[in-house]
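Accompanying notes for the structure given below.
Number of protein chains: 2
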Amino acid sequence: MLEKMFNPDSVAVIGASRTEGKVGRAVLENLMQNSELTIIPINPNVDEILGLPCYHNILEVPPETKVDLAIIVVPAKFVPGSIDECGRAGVGNVIVISAGFKEAGIEGARLERECIALCEKYGIKLIGPNCLGIIDTASGLNASFAANMAYEGNIAMMSQSGAICTVTLDWAERIGVGFSKFISLGNKAVLAENDFLQLFEQDPSTAVIAAYLEGVKDGPEFIKIAERVSRSKPVVIVKSGRTSVGSKAVSSHTGTLAGSDAAYNAAFKQGGVLRADSLEEMLDYSRAFSVCPLPEGRNIAIITNAGGLGILTADACYNSGLSIASFEEKTVERLREKLPPAANFYDPVDVLGDAGADLYEHALDVVLDDINVNGIIVLVSPQSMTDVPGIAEKVAAKIKDSKKPILCNFAGGSRIAAGEEILNKYGIPNYSSSERAVASMNALCNYYTIRNHKRGAPAEIKADKEYAQSFIDSASKNKRRMHGLESMDILKAYDIPVVDARIAKNLPDAVKAAEDMGYPIVMKILSPDISHKSDVGGIRLNLKHADDVERAYNSMMSDVRHYMPDAAITGVQLQKMISGGKEVIIGMDRDPQFGPLLMFGLGGTYVEFLKDVSFAVAPIAEAEAKHMVSSIKTYPLIAGVRGEAASDIDSIVRTLLKVSQLVTDFPEILEFEINPLMVMPEGQGCVAMDIRFTLNLNE
Amino acid sequence: MLEKMFNPDSVAVIGASRTEGKVGRAVLENLMQNSELTIIPINPNVDEILGLPCYHNILEVPPETKVDLAIIVVPAKFVPGSIDECGRAGVGNVIVISAGFKEAGIEGARLERECIALCEKYGIKLIGPNCLGIIDTASGLNASFAANMAYEGNIAMMSQSGAICTVTLDWAERIGVGFSKFISLGNKAVLAENDFLQLFEQDPSTAVIAAYLEGVKDGPEFIKIAERVSRSKPVVIVKSGRTSVGSKAVSSHTGTLAGSDAAYNAAFKQGGVLRADSLEEMLDYSRAFSVCPLPEGRNIAIITNAGGLGILTADACYNSGLSIASFEEKTVERLREKLPPAANFYDPVDVLGDAGADLYEHALDVVLDDINVNGIIVLVSPQSMTDVPGIAEKVAAKIKDSKKPILCNFAGGSRIAAGEEILNKYGIPNYSSSERAVASMNALCNYYTIRNHKRGAPAEIKADKEYAQSFIDSASKNKRRMHGLESMDILKAYDIPVVDARIAKNLPDAVKAAEDMGYPIVMKILSPDISHKSDVGGIRLNLKHADDVERAYNSMMSDVRHYMPDAAITGVQLQKMISGGKEVIIGMDRDPQFGPLLMFGLGGTYVEFLKDVSFAVAPIAEAEAKHMVSSIKTYPLIAGVRGEAASDIDSIVRTLLKVSQLVTDFPEILEFEINPLMVMPEGQGCVAMDIRFTLNLNE
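Next up, the structure:
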């Protein structure tokens with residue numbers, strides 16, 4: 001797949017130029033770095049460029065010169081024509097560097113659609129438009145106008161921003177980071193992140209996948225592919241745009257609480273993606289993955305020649321959720337054998353300021369042997385006696401052969417430069433601060449967990465889908481938004497327990513319904529004009545006899561008429577009063593990128609201002625449903641705290657799975673919320689007390 | 001103060017050495033960087049070192065050579081003798097570089113105490129022992145064995161770790177950061193952070209104060225001094241040891257929730273100290289303060305030639321609580337005038353990839369003029385057309401004259417190096433990532449708030465201190481820990497409302513008490529053997545008549561005897577049942593460094609696992625008490641949410657101030673907790689329902 005895109009024998013440059021400073025020349029020069037490549041400049045006005053014979057049109061290239069890849073740099077309006085010619089000339093791979101498409105407005109968007117149609121017609125694989133090009137260090141291809149060529153390495157990088165490609169390449173060059181493939185995604189008209197994730201998965205020269213993304217093209221596919229790819233290779237993504245609040249009007253709790261970024265967080269989590277918060281983090285993590293074995297636990301040993309740095313690093317470990325290792329007894333003994341008496345033999349190991357390379361080596365040897373140690377951070381400060389290069393050599397040799405990850409922070413400036421150089425030479429990352437080393441160690445630990453996490457298939461839920469369908473059909477004929485008793489039937493279709501409730505149009509009906517249902521009951525006003533029932537006296541709790549019902553009915557009518565004299569009142573709703581349970585919320589908001597975004601949280605006022613909720617993209621497997629429940633901070637409140645009885649968490653999990661199935665089955669449900677779902681003590685189930693949902697009437 | 005320590009005319013080095021690699025030689029060489037200094041080596045075995053006449057003992061130095069400062073580098077056991085000689089020779093300032101004191105064990109600690117006594121005897125100001133020395137770039141003094149001399153600058157730095165001095169100096173040299181004074185604190189036997197805070201406050205060459213601390217010597221003084229100093233100069237401190245859980249047994253909520261670090265966070269906040277989480281942050285913030293005016297608000301403009309970087313930077317602003325500025329209309333118009341049509345004229349301003357220095361200059365000019373902009377972050381990525389040095393020159397010139405802070409992130413590697421160099425030349429920090437620039441901008445904004453925050457004096461509370469004293473005296477005669485009704489009197493002495501409660505030894509007394517108090521009431525078992533009353537049926541709620549009291553009394557006695565047949569029962573406690581209020585907790589735990597650490601949080605189970613509590617070191621002013629209440633996440637629950645009535649927050653604030661006064665007046669109170677304090681709706685006050693406290697019997 002895409003073999004000839006990244007390892008072509010011959011490449012045409014449509015819009016090649018002689019003029020210095022022009023993209024059409026920069027691309028040509030970059031391609032010429034590889035002397036084995038057949039390079040074919042295309043320019044209607046010239047016969048030769050930089051010593052290469054130039055054709056006026058790609059159709060003129062002799063058929064025996066099979067063009068594997070065409071790079072287009074002509075102005076946007078000529079690009080569709082060039083693609084058409086590529087198609088007719090049988091060129092299967094095209095990179096469009098030219099800008100002026102979707103990003104530039106309506107006319108550009110039209111041009112881009114034209115290009116897409118042509119690619120479909122001819123089966124052309126296209127990268128771009130509006131991109132920097134691609135680099136493949138394994139094949140020696142630099143099909144870009146980037147000023148830097150990448151070093152060889154095992155990190156594959158893709159970026160939705162060309163400028164960020166430039167920054168990353170320049171930065172990587174300074175700190176000695178290499179790449180296997182480097183792809184500027186541009187507008188992702190045809191090929192996008194999902195295609196390249198799969199390419200990187202198969203690519204033998206790629207061990208780590210890094211990306212800068214501003215969005216994903218196909219969210220549900222992305223989760224599936226990332227989930228698979230991340231089982232074999234770590235996927236580190238920095239996704240920008242956390243802040244841009246979508247313009248979509250939100251009317252549910254789920255929508256309000258989700259913000260624009262919750263879906264990405266959920267999807268990345270489900271896809272096993274490590275989300276980096278900055279380019280720096282992305283590079284830091286990728287460097288660690290590129291050289292380190294994975295730690296089999298979160299117990300970290302620190303070796304330092306400066307006590308203060310050791311403490312700061314331990315602090316950083318603690319903040320990241322890493323543990324400071326408890327050494328085996330023999331480790332402490334062996335450290336004591338060679339380290340001076342004033343040294344610290346426990347984690348963080350302080351070899352003291354005058355320690356030479358041999359002491360570092362000894363400490364590393366001993367600590368590596370300790371079964372309680374999963375990873376090591378080596379700190380070196382340039383004190384007056386410190387043999388920085390000597391220590392670097394010893395440490396680098398250990399890291400090369402280690403089965404446990406070892407990360408370094410040689411801390412300082414010019415006096416540690418020689419050490420950094422040696423580490424660089426061995427391809428070992430040196431982090432400029434111990435906090436960055438710790439963050440990267442944490443990423444290694446997190447990926448170990450991701451890789452060993454069993455997700456399982458989405459649960460199969462038995463449901464009366466036809467009944468639900470007929471209900472939705474009739475509902476959408478009438479109105480868009482539904483809530484309350486009238487829409488409870490859709491829950492029944494998915495076997496979600498709902499509270500016993502009746503509608504009564506007058507007092508005698510209300511009394512009769514109450515007598516049928518049994519006491520105690522709750523009475524609520526029914527009116528299309530009243531949304532906050534309690535504000536107008538429209539709720540009465542704990543009615544215990546027919547008398548109570550009568551008194552409540554009469555006073556409620558009087559109250560409601562007082563507060564809202566013009567409200568149309570259609571009757572009252574009676575429902576069984578349920579006590580002894582805890583209120584939770586299960587919601588769903590349809591995300592434009594990923595589809596059904598499920599939400600779970602505690603009910604009541606807490607959910608709103610603590611924002612203590614969890615998210616996942618449906619459909620979810622049982623493990624995810626469990627995680628949704630257990631990952632909220634207030635989980636102890638339902639798991640049972642201070643001797644209180646545990647709530648029936650299994651029933652929440654089952655309900656989450658049923659809702660997941662429901663909203664997956666019916667894409668026309670835009671918003672959905674069970675609020676509250678009353679959860680009874682363990683073994684006693686749960687019951688939906690109220691529901692609201694919004695249908696998309698266009699579907 | 002300390003004038004001759006940092007700007008001496010003559011310096012003696014006790015333990016001066018000819019031997020290369022020895023500290024006694026390194027110090028001498030460093031001092032000799034200043035040719036105007038009179039340097040006097042002291043060594044009993046030598047007559048001349050490095051061309052300087054050497055005395056065998058400081059007492060031999062002729063009296064006309066007034067020695068302003070002596071630096072001692074002899075082995076620890078000889079140090080007291082040397083100090084004694086300094087004292088006799090009339091030397092007022094001493095730096096002890098030698099190690100082997102408190103940090104080395106019992107004998108070292110004894111030696112250190114001896115040194116302290118001698119300093120007291122002679123009135124000697126001493127830095128160290130176990131330190132690297134000091135540097136003063138204004139006077140040209142390098143009285144240390146550091147390998148790097150600091151650049152001149154306006155940042156004063158002190159560090160409790162010599163190794164961290166070394167790292168910081170080396171690092172600062174690489175990135176061109178300068179210092180006014182640089183102090184290695186060592187063991188802080190005599191002079192400590194509080195002394196130097198005051199020195200830096202007065203020092204005309206210091207504009208920014210930075211520190212690495214592992215602890216403070218006098219916590220309450222530290223808060224007072226820092227509070228004053230931070231009004232004129234920013235104080236940035238990285239404090240290590242967040243993780244080290246104190247060995248002190250904790251029995252109160254306050255202690256459990258505080259951990260080891262809450263007191264530092266509270267004290268730093270009260271002292272106006274900006275806490276940095278790493279050395280990198282400390283240097284980053286200090287650099288920003290060293291050159292930037294303060295922003296008068298949190299609205300930040302971003303100027304970039306790379307859209308993606310702009311979005312990432314906006315994300316970072318959002319995460320830090322900074323806002324993206326809303327430009328005035330005329331700003332957008334003026335940007336439109338010169339920027340190309342595809343540019344972005346709103347924040348973040350995208351001048352596009354091919355922008356030259358003139359466009360950057362124009363954008364900066366225009367955005368600086370906007371009254372809605374408080375600070376600016378300039379991003380430069382090295383794209384193919386980017387004139388990095390040209391942009392750096394224009395930007396640097398603007399920054400020099402700007403009344404608003406401007407921070408830069410020239411992003412990349414070798415291709416932005418020329419720009420970095422120019423910025424360095426102008427003394428302008430370039431941050432290696434936009435996230436670091438944003439964090440530093442946030443520090444500037446936070447300091448602006450700190451400097452303008454009026455703290456006010458601790459509130460004066462009227463209290464019957466004598467009554468409280470007599471109560472504590474009698475309590476401490478009997479037992480150490482007290483709770484419940486028996487200790488409510490201490491609250492009354494400080495005018496804190498307590499629940500009406502009585503003790504009854506038998507049923508008739510109980511009925512009588514209930515009739516006296518009025519219904520409804522709560523009955524609790526009284527027994528020294530029962531701590532969890534509810535577990536043994538020892539609590540009855542909502543008793544409404546004498547009948548209820550009788551039934552409750554009898555069934556309680558029967559239940560309690562059933563569960564705990566051997567418990568000694570002294571009677572029951574009756575108290576007024578209070579409903580319609582919200583439970584909060586006010587606690588105090590005595591911190592070893594800072595003294596009385598107050599805690600505030602909501603009552604109930606939430607406080608424990610949400611850890612949603614606030615802290616402050618007593619005595620507090622009213623503003624701090626208000627902040628304690630409003631800064632918990634669950635504040636909306638008491639402030640009134642969703643139409644619920646607001647609680648009487650004023651009464652909480654008043655109670656906090658009273659508790660603050662109480663625990664300040666009585667240092668023998670080790671732990672103290674009102675739990676719950678029942679807060680009624682606004683205007684209706686609050687009432688302490690239960691209290692427990694622990695006295696220190698040794699005082």
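Taken in order, these protein sequences are the chains called X and L.
All letters in the first sequence, in the order written, are residues 1 to 699 by full-length UniProt numbering.
All letters in the second sequence, in the order written, are residues 1 to 699 by full-length UniProt numbering.
Don't be surprised by glycine CBs; every beta carbon is placed ideally from N, CA and C.
All figures in this text were calculated on a predicted structure; none of them were measured in a lab.
- Judged by DSSP secondary structure, Met517 of chain X falls within the alpha helix (DSSP H) whose first and last residues are Leu507 to Met517.
- Thr65 of chain L counts as exposed, since fewer than 16 other beta carbons sit within 10 angstroms of its beta carbon.
- Under the 8 Å Cβ criterion, the stretch 261 to 271 of chain X counts as touching the stretch 582 to 597 of chain X, having at least three qualifying pairs.
- Three or more Cβ pairs closer than 8 Å define a contact, and the stretch 366 to 385 of chain X meets that threshold against the stretch 402 to 418 of chain X.
- Contacts with chain X at 9 Å (Cβ-Cβ) do not include Leu50 of chain L.
- In the structure shown, Thr38 of chain L falls within a strand segment according to DSSP collapsed to helix, strand and coil.
- Relative to Asp690 of chain L, the option among L:Asn299, L:Phe672, L:Pro681 and L:Ala645 whose CA is nearest is L:Phe672.
- From the beta-carbon of Val13 of chain L, no residue of chain X is found nearer than 8 Å; the closest lies around 16 Å away.
- Following the DSSP letters along the chain, one finds Glu361 of chain X inside the alpha helix (DSSP H) bounded by residues Ala357 to Asp369.
- Sequence-distant Cβ neighbours of Pro75 of chain L in its own chain, meaning closer than 6 Å and more than five residues away, do not exist here.
- Per DSSP, the beta-bridge partners of Asn409 of chain L are L:Leu379.
- Interface with chain L (9 Å Cβ-Cβ cutoff): Pro382 of chain X is included.
- Sequence-distant Cβ neighbours of Val572 of chain L in its own chain, meaning closer than 8 Å and more than five residues away, are Ile503, Ala504, Ala510, Met523, Lys524, Ile525, Leu526, Tyr553 and Met556.
- Look at Gly595 of chain X: its C-beta is not under 9 Å from any C-beta on chain L.
- DSSP places Val659 of chain L in the uninterrupted alpha helix (DSSP H) bounded by Ile649 to Asp665.
- Taking 9 Å as the cut-off, the Cβ atoms of Glu173 of chain X and Ser414 of chain L count as close.
- In the three-state DSSP reduction, Glu460 of chain X falls in the coil class, being neither helix nor strand.
- By the neighbour-count definition (other C-beta atoms within 10 Å, threshold 16), Met385 of chain L is an exposed residue.
- Scanning chain L for C-beta atoms nearer than 9 Å to the C-beta of Asp170 of chain X yields Ser381, Pro382, Ala411, Gly412, Gly413, Ser414, Arg415 and Ile416, reported in chain order.
- When rounded, the separation of the alpha-carbon atoms in Ala150 of chain X and Ala138 of chain X is 11 Å.
- Listed by position along chain X, the residues whose Cβ is nearer than 8 Å to that of Ser433 of chain L are Ser278, Leu279 and Glu280.
- In the structure shown, Gly310 of chain L falls within a helical segment according to DSSP collapsed to helix, strand and coil.
- The beta-carbon separation of Ala618 of chain L and Pro596 of chain L, rounded to 4 Å, stays under the 8 Å limit for a contact.
- Within the stretch 339 to 370 of chain L, the residues whose Cβ lies closer than 8 Å to any Cβ of chain X are, in chain order, Ala342 and Gly353.
- Only Lys633, Thr634, Tyr635, Pro636, Leu637, Val641, Arg642, Gly643 and Glu644 from the stretch 630 to 644 of chain L bring a Cβ to less than 9 Å from some Cβ of chain X.
- 9 Å or more divides the Cβ of Leu274 of chain L from the Cβ of Val229 of chain L.
- Within the model, the alpha-carbon separation for Ile58 of chain X versus Val67 of chain X is close to 9 Å.
- Taking C-alpha positions only, Ala12 of chain L is separated from Ile377 of chain X by approximately 41 Å.
- For Phe594 of chain L, the secondary structure class from DSSP, reduced to helix, strand or coil, is coil.
- As DSSP reads the structure, Ser159 of chain X sits in a beta bridge with X:Ser184 and X:Tyr212.
- Per the C-alpha coordinates, the member of X:Ala207, X:Trp171 and X:Met5 positioned closest to Lys125 of chain X is X:Met5.
- Neighbourhood of Gly128 of chain X in chain L, by CB distance below 7 Å: empty, with the nearest CB roughly 15 Å away.
- Assignment of Ala143 of chain L by DSSP, reduced to helix, strand and coil, places it in the strand class.
- DSSP places Thr304 of chain X within a strand segment (E or B) once states are collapsed to three.
- With fewer than three CB-CB distances shorter than 8 Å, the stretch 218 to 229 of chain X does not count as touching the stretch 437 to 444 of chain X.
- By DSSP's assignment, Asp136 of chain X forms a beta bridge with X:Leu141 and X:Lys181.
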